[in-house]
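Notes follow once the structure below has been shown.
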Amino acid sequence: MKQTKPLSDNIIFLDTEFSSLDPYKGEILSIGMIKMTGEELYLEIDHEGEVDQWVFDHILPTLKKEKIDRREAAEKILEFVGPDKPYMISFVSQYDSLYLYKLLGIEKNPFFRFPFDFASMMFAAGYDPDDFNKKNRKFLIELGIDVEKYKMHNALDDAKLMREAYLEFFKK
Ligand SMILES: [Mg+2]
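Take any residue in the sequence shown, count from 1 to its spot, add 19: that is its number in our numbering.
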């Protein structure tokens, strides 16, 4: 593995679950964030609209926490992220960032203006991003990560797993 050193440690690892892959319809249902320090936040958010069938089958049954409304969620997220414009890293960041901006309002985005994608980092280093999430989870196992510790599709566990993978990956 080629030696690489990331630009900054001012990072928040983030994952969301959301209602649809259609960006006109989709809204955030839950969010998990974890900082380099290990400080974490997990929220589940009110959603009245329709959801994709896959989300209905696989995500809704896993949402168990008391839901909060969108305004309260936005306040908690802004407070957690703080004023330092951290870099957002998520796995395929397009949807996470888009639905987060829809929740907060783009003018309130507390992160650095470009979201960063861990799947792209894997691709650039010669790894297949499918080896992160798909059945074999080869990439994670090769890094020595105990994937059983993390519940897949729980936004906080997904964010924590990505943080551990990132730290191991750039340690090599
Ligand atoms: Mg997830």
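Backbone N, C-alpha and C define an ideal beta-carbon position, used for all residues, glycine too.
Looking only at DSSP bridge pairs, what is MET52 linked to? Residue pairing by DSSP puts MET52 in a beta bridge opposite LEU33, LEU60.
Please confirm if the stretch 79 to 98 is in contact with the stretch 123 to 142, defined as three or more CB-CB distances below 8 Å between the two stretches. Yes: at least three Cβ pairs fall under 8 Å.
Could you pull the start and end residues of the beta strand (DSSP E) that ILE108 belongs to? Note, ILE108: beta strand (DSSP E), 106 to 109.
Can you give the beta carbon distance from ASN173 to THR81, rounded, assuming they're within the 8 Å contact cut? ASN173 to THR81, Cβ: 6 Å. Contact.
PHE137: first and last residue of the uninterrupted alpha helix (DSSP H) it sits in: In this chain, the alpha helix (DSSP H) harbouring PHE137 covers 137 to 143.
For the pair the stretch 111 to 118 and the stretch 53 to 61, tell me if three or more CB-CB distances fall below 8 Å. Too few Cβ pairs lie closer than 8 Å, so no.
By the 10 Å Cβ neighbour count, where 16 or more other Cβ atoms means buried, how is ALA143 classified, buried or exposed? Exposed, since its Cβ has fewer than 16 Cβ neighbours within 10 Å.
According to the neighbour-count rule (16 or more other Cβ atoms, all chains shown, within 10 Å of its Cβ), is GLU183 buried or exposed? The residue is buried, with at least 16 neighbouring Cβ atoms inside 10 Å.
Might you give, ordered along the chain, the residues of its own chain that have their beta carbon closer than 8 Å to the beta carbon of MET171, omitting 5 neighbours on each side? Setting aside the 5 residues that flank it on each side, MET171 is surrounded in the same chain by ASN152, ASP177, each with a C-beta closer than 8 Å to its C-beta; the list follows chain order.
Can you pull the DSSP bridge partners for ILE78? When beta bridges are read from the DSSP output, ILE78 appears opposite no residue.
Taking the C-alpha atoms as reference points, what is the distance between GLU69 and ASP41? Computed Cα separation, rounded: 11 Å.
How big is the Cα-Cα spacing for ASP150 and LEU162? So the two alpha carbons sit approximately 12 Å from each other.
Exposed or buried, SER139, counting other C-beta atoms within 10 Å across all chains shown (16 or more means buried)? The Cβ neighbour count for SER139, taken over all protein chains shown within 10 Å, is under 16; the residue is labelled exposed.
Other residues of its chain near PHE135: CB distance less than 7 Å, five sequence neighbours each side excluded: Correct list, in chain order: TYR106, MET107, ILE108, SER112.
Anything with a beta carbon under 6 Å from a heavy atom of ligand 1 counts; list them all in chain order. Qualifying residues come out as ASP34, GLU36, HIS172, ALA174, ASP177.
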